[in-house]
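For the first sequence, the UniProt record's numbering gives the first residue as 1, with consecutive numbering after it.
Ideal Cβ positions, reconstructed from N, Cα and C, are used throughout, including at glycine.
All of these numbers come straight from a predicted model, not from anything done at the bench.
See structure below.
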Amino acid sequence: MSAVPIDSVLPELARLLGDAGRAVLVAQPGAGKTTRVPLALLDSPWLDGKKIVMLEPRRLAARSAARYMAAGLGEEVGRTVGYRMKQDTRVGPATRIEVITEGVLTRMLQSDPALEQVGLIIFDEFHERSLHADLGLALCLQACELFRDDLRLLVMSATLDAAAVADILGGAPVVESPGRVYPVETHYLPRKPEGRMEDMAARAVLRALAEQAGDVLVFLPGMKEIRRVASLLAGQATVPDVQVLQLHGSMPQDAQDRAIQASVPGTRKVVLATSIAETSLTIEGTKVVIDSGWMRVPRFSPQTGMSRLDTVRVSAASADQRRGRAGRLGPGVCYRLWTQQEQAYLEPHGTPEIEEADLAPLALELAVWGTADPSELRWLDEPPAGAYRQARELLELFGALDGQGAITPHGARMAEIGLHPRLAQMSLRSVPLGLAATACDLAALLNERDLFRQSFTGSSAADLRLRLEALGRADAGAHSVDAAALKRVRLEAENGRRALGATGKRTDSEACGLLLALAFPDRIAQGRGDGRFLLSNGRGAVFSESQTLSGAAYLVAAELDDAGTDSRIMLAAPVDAAQLEAALPGLIEEEALVEWDSTAQTVRARHRRRLGAIVLSDKPQQRPDPDRLAAALLGAVESEGTGMLPWTNTARKLQQRVVFMHRFDSGWPDWSDEALVATLDEWLKPHLYGMRSRNDVQKLNVASVLEAALSWERRRRLDDQAPTHIVVPSGTRVPVDYADPAAPALAVRLQELFGMTETPKIAGGRVPITMHLLSPAQRPVQVTRDLSSFWKDAYFEVKKDLKGRYPKHYWPDDPLTAAPTHRAKPRV
DNA sequence: CTCTCCCT
């Protein structure tokens, strides 16, 4: 092996790891760290003959690193150097370096938390900050603390914020290595970019082809943009011998391979790629990179339990990584479709996956680890609380966690299966239904890349049953199926069947919907009849392209893009409601609802069967509970207020008199409107039995209902202390007005009061009545609470005035002895 | 008017 830049720092790295037990190695791509570091550390005395485990974020990278190192030792993979990943492991008894994919570490730790055979764990490409790497590091740090203070950790990264990692490693030393990348000349757009990204990209391609030699790699956010740029370029008379190729993850393997291969000598290629070409795939011969500056990222929403794709600006780190793809073979050129000013505002790093991902897998692993609260572990970024809570709720719904949040035996089995908890749930629960074989097929289908090529469109493109059927067909390699994907799905399905003891069983594609309901109980959808659906999680959903399934009464959506009001359904299968109920009775909630229907202004008693937000059936109850009917009607009065009752004058007056009494004696009940609403249960409820509607309530006699709430003794005292009328000297029974409970009033013509020396008092003599003295024509003349001083003073002023206006009336000089009258003059 | 990438 020829010398690489990393070699200069290896002795120091070995020494630091020996002393401190932890280290961070920052090295640019091309420094050779992945293949050089494990071999160089293998004979370190502190390793004590134990193994080195190195994590790679991708299977391809893990295999090729192992192969490269084995070749350097002149050995086969599986001797000193091996690799380990799901469905593919090459490790022998002599293996001392195991290159593993990130998820494997979690499984290793869960089965042997002390990792007895391992002396050093290396996290490669840690700057990618995958969920698995973050989790793996957190678990390792605790394993070190609890069981293995001699387990050494090395974190390797290209563009990392080394200080933060060094910090959670407990102040680990940082070693930096020079890189070996060729210079890449960077061109920014001169001013504020105008027009569509696709137009700019196409123009940049033409410019690059004219100005530069070699192949061109263009980074675009997604398939849509790639196709648009491709068609723009196709419309141009491009330079001869230039081939335009597309590259994204959902393309079949053979098409991806064609894009990656070096161009035929004498020709040039332009590869239009997603971020797949940033780290995962290397395109041979790239001399020029054109970067749109945008990427698509998934964002999980804990509110809906679904993900959405967002188009966002790349981080400065990503942009540098993309640019570096032009400098692998020699000096290169990079065109950035943004300005130098905008460059200053790019985020330094992308968002770590843990911040925006579905945390159900992580929550399950932590529960198996025995950790309920993630803050018990050390994280670079702690799992967000909302997503973590949603994840735990899902696991509890599945029976993976018990009431205390601890892992159940079922949850432990789910984790062992090594699938997303939803798919693990489907696999395990399918066994008693006799559907394990189909469940394994389905889990494999959903876990792997889509079996069907992108070109497979039409009215059944979103139907999962077709994929299940294709999986079982001998000649499935036909037109629309991606052969490489089919092979992987079949392998995974077969392994699943073996694990569940369902080998050789037939696939039942009609059970598809039912099985999906096990995994996605929150995504069962009820057709609304117009092609739109209501999901059991309460959201709307629709197929982006009209499908045969658009008319289904019920279906289960396995894949959705959570966009706006109606999520887009990508993959689904129909389900029969009766079958669903029979097989999964636990999903259905039965409700006896007694509710006020404010439109019809009546209480409705219904028997409803619900599946989340979906109403399966809704019928009137045969014999509703009278107590609940009365309570519901009472609730309506409570929310609408006492104004809903048919108040009469008599009732209001009775209310006012009691309010007046309560003011002076708190032993009396409070009958203010608010207090009446608050105590409806006591005084109104007994009268509501047998009633259901507003109309029924209108038949109530509020006065007698209120009166019934008073004891006989209180009624007697009310008449005595808050009389309805007072008889004045003229003999007229004048009603007392209690509208103002602080000042009950009597409005009466002055002449009827001749001879009344004192203001009448009520409430057992405590409250003088406010006298509204009126003219013969019932006009207000004077208000007083002290009649005797009125007669002495003010009367004489008033009399003069009244005499002028009502000369025919009787205005005596001595009102205290004069005869009262309700006519002009007293009868003689 | 259509979905980024990866893994147990």
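Straight-line gap, residue i to residue j (C-alpha atoms, nearest Å)
i, j, result
"S693", "R623", "17 angstroms"
"A592", "A552", "28 angstroms"
"R663", "A743", "11 angstroms"
"S318", "E176", "20 angstroms"
"E145", "P383", "21 angstroms"
"Q253", "T457", "19 angstroms"
"L629", "V637", "13 angstroms"
"D257", "T565", "39 angstroms"
"K505", "D441", "11 angstroms"
"S704", "T642", "15 angstroms"
"R15", "Q454", "52 angstroms"
"S275", "K619", "54 angstroms"
"R657", "P820", "28 angstroms"
"P150", "H410", "Checking the displayed sequence, the identity of residue 150 turns out to be Asp instead of Pro. Distance between the alpha carbons of D150 and H410: 34 angstroms."
"A484", "L419", "20 angstroms"
"A424", "V184", "47 angstroms"
"A166", "V24", "6 angstroms"
"R568", "A557", "10 angstroms"
"L206", "V270", "10 angstroms"
"S460", "G586", "31 angstroms"
"V697", "Q621", "21 angstroms"
"I588", "A439", "22 angstroms"
"Q655", "K699", "19 angstroms"
"E492", "E376", "35 angstroms"
"H687", "T599", "23 angstroms"
"V289", "A613", "49 angstroms"
Where residue i falls: helix, strand or coil (DSSP)
i, result
"K761", "strand"
"A202", "helix"
"Y554", "strand"
"F790", "helix"
"D19", "helix"
"V91", "coil"
"K224", "helix"
"W369", "helix"
"M756", "coil"
"M426", "helix"
"E342", "helix"
"G235", "coil"
"Q656", "helix"
"W46", "helix"
"S177", "strand"
"R258", "helix"
"R58", "coil"
Cβ-Cβ separation, residue j to residue i (assumed contact under 8 angstroms), whole Å
i, j, result
"E278", "Q321", "5 angstroms"
"Q634", "D562", "According to the sequence as given, residue 634 is Leu; it is not Gln. The pair is not a contact, with the Cβ atoms about 41 angstroms apart (cut-off 8 angstroms)."
"D381", "C334", "D381 to C334, Cβ: 30 angstroms. No contact."
"R429", "Y188", "Not really, about 55 angstroms apart at Cβ, beyond 8 angstroms."
"A470", "L446", "Not a contact, Cβ separation roughly 14 angstroms."
"A367", "L401", "6 angstroms"
Contact set for residue i: own chain, Cβ-Cβ below 8 angstroms, skip 5 residues either direction
i, result
"I769", "I726, V736, P744, A745, L746, T759, P760, K761, I762 and R785"
"A31", "V4, P5, I6, S177, P178, G179 and R180"
"L283", "Looking at the sequence provided, one finds Ile at residue 283 rather than Leu. Counting only Cβ-Cβ distances below 8 angstroms, and skipping sequence neighbours, we find D215, L217, L247, A259, I260, V271, A273, A277 and R325."
"M426", "A439, L442, A443, L515, L516, L518 and A519"
Residue i CB to nearest heavy atom of the ligand FMN below 7 angstroms
i, result
"I100", "In terms of ligand content, the structure shown is empty, and the ligand FMN therefore cannot be addressed."
Cβ shell of residue i (< 6 angstroms), same chain only, five flanking positions each side left out
i, result
"I97", "P38, I52 and V81"
Other residues of its chain near residue i: CB distance less than 7 angstroms, five sequence neighbours each side excluded
i, result
"A583", "L433 and L514"
"F147", "P113 and A114"
"W338", "Y188, L189, P193 and G293"
"D670", "H662"
Could you check whether the region 731–751 touches the region 701–717, counting it as contact only if at least three pairs of C-beta atoms, one from each stretch, sit closer than 8 angstroms? no
Inspect the CB distances between the region 104–117 and the region 45–58 and report whether three or more fall short of 8 angstroms. yes
Is the region 77–97 touching the region 392–410, taking contact as three or more C-beta pairs under 8 angstroms? no
contact_flag[the region 562–573, the region 539–549] where n(CB pairs < 8 angstroms) is 3 or more: yes
Say whether the region 416–435 touches the region 125–145, bearing in mind that this needs 3 or more beta-carbon pairs closer than 8 angstroms, one atom from each stretch. no
Segment contact flag, the region 194–207 with the region 342–360, C-beta cutoff 8 angstroms, min 3 pairs: no
Flag this pair as touching only if the region 293–312 and the region 204–221 have three or more C-beta atom pairs under 8 angstroms; answer yes or no. yes
Is the number of C-beta pairs between the region 490–506 and the region 516–533 that are closer than 8 angstroms three or more? no
Given 8 angstroms, three or more beta-carbon pairs between the region 359–374 and the region 384–392: yes
At least 3 beta-carbon pairs within less than 8 angstroms: the region 774–790 vs the region 748–756: yes
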